[in-house]
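Structure first, commentary second.
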Amino acid sequence: MGVDQHRGVGTRDDGTPTGISVAVGAVLVVGAALLAALLFPPDELPGRALVVAIALGGFARFVPDLRAVGAVTVLGAMTFVGFLANEFGELVGAPASAWAYPAGFGFAAGLGAGYRRLRTYAAAPGPSPAPAPTASARTAQARAVQAPTAPARPFPPTVTPSDGEPGRRQAA
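If you want it as structure tokens, here you go:
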């Protein structure tokens with residue numbers, strides 16, 4: 001919510017505040033971590049990482065604020081390493097292999113944000129291509145191409161028996 005200084009009335013911003021997007025993303029990350037813990041046993045780190053990566057990529061697909069996407073991606077990485085790879089939320093004592101998975105989280109978030117950017121460019125207003133001709137216009141164009149402009153005359157002109165001597169050429 002903002003204030004128009006000239007008229008003294010409140011105005012509404014089009015975008016969602018970054019803090020709200022981060023809060024929604026935090027809830028999404030916690031839900032993804034709970035789902036990953038329910039679906040996969042503790043020694044299945046790739047499966048757990050896949051669930052979190054899909055959630056982060058989906059979040060990045062729908063949120064235009066890259067600051068919120070970055071914050072939620074870092075939160076997802078710390079949640080994965082602290083609670084899914086290691087127990088009891090310890091980030092320091094986690095095995096080194098657990099820290100390799102957050103690179104995939106960044107990749108998934110980058111794919112989601114890139115997809116959103118491409119869809120935004122595709123939907124942007126601008127000059128549109130010429131409309132395709134209708135069926136009647138295509139038929140009229142085809143007839144115009146096929147219609148001769150002048151009657152066809154044989155070349156070279158020849159004399160027929162009724163015009164004069166047979167076999168003799170006549171100038172046109």
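Take 1 as the starting number for the sequence shown in full-length UniProt numbering and just add one per residue.
Backbone N, C-alpha and C fix where the C-beta goes; we use that ideal spot for every residue, glycine too.
Practice problem: Compute the distance between the beta-carbons of Ala-108 and Leu-66, then report whether it is under 8 Å. | Solution: Reading the sequence shown from its first residue, position 108 is the one you call residue 108. Reading the sequence shown from its first residue, position 66 is the one you call residue 66. In this structure, Leu-66 does not lie closer than 8 Å to Ala-108 by Cβ.
Quiz item: Given Gly-93, which residues of its chain have a CB within under 8 Å of its CB, disregarding the five upstream and five downstream residues?
Solution: Stepping through the sequence shown from its first residue, residue 93 is reached at position 93. Result list for Gly-93: Asn-86, in chain order.
Exercise. Using the Cα positions of Gly-89 and Phe-80, report the straight-line distance between them to the nearest angstrom.
Key: On the sequence shown, residue 89 is found 89 positions in, with the first residue counted as 1. On the sequence shown, residue 80 is found 80 positions in, with the first residue counted as 1. Rounded to the nearest angstrom, the two C-alpha atoms are 9 Å apart.
Practice problem: Can you grab the Cα-Cα spacing for the pair Leu-91 / Trp-99, in whole Å? | Solution: Stepping through the sequence shown from its first residue, residue 91 is reached at position 91. Stepping through the sequence shown from its first residue, residue 99 is reached at position 99. Going by the C-alpha atoms only, they are around 9 Å apart.
Quiz item: When burial is assigned at 16 or more other CB atoms within 10 Å of the CB, is Met-1 buried or exposed?
Solution: Position 1 of the sequence shown, counted from the first residue, corresponds to residue 1. Here Met-1 scores only 48 on pLDDT, less than 50, and its place in the model should not be relied on; the value that follows carries that caveat. Met-1 comes out exposed.
Exercise. Just the C-alpha distance for Glu-44 and Ile-20, rounded to the nearest angstrom, thanks.
Key: Translated into the one-based positions of the sequence shown, residue 44 becomes position 44. Translated into the one-based positions of the sequence shown, residue 20 becomes position 20. Taking the Cα positions, Glu-44 is about 32 Å away from Ile-20.
Practice problem: Could you spell out the range, first to last residue, of the alpha helix (DSSP H) harbouring Phe-91? | Solution: Working through the sequence shown from its first residue, we reach residue 91 at position 91. The amino acid occupying residue 91 in the given sequence is Leu; Phe does not appear at that position. That residue, Leu-91, is in no alpha helix (DSSP H); it is neither H nor E in DSSP.
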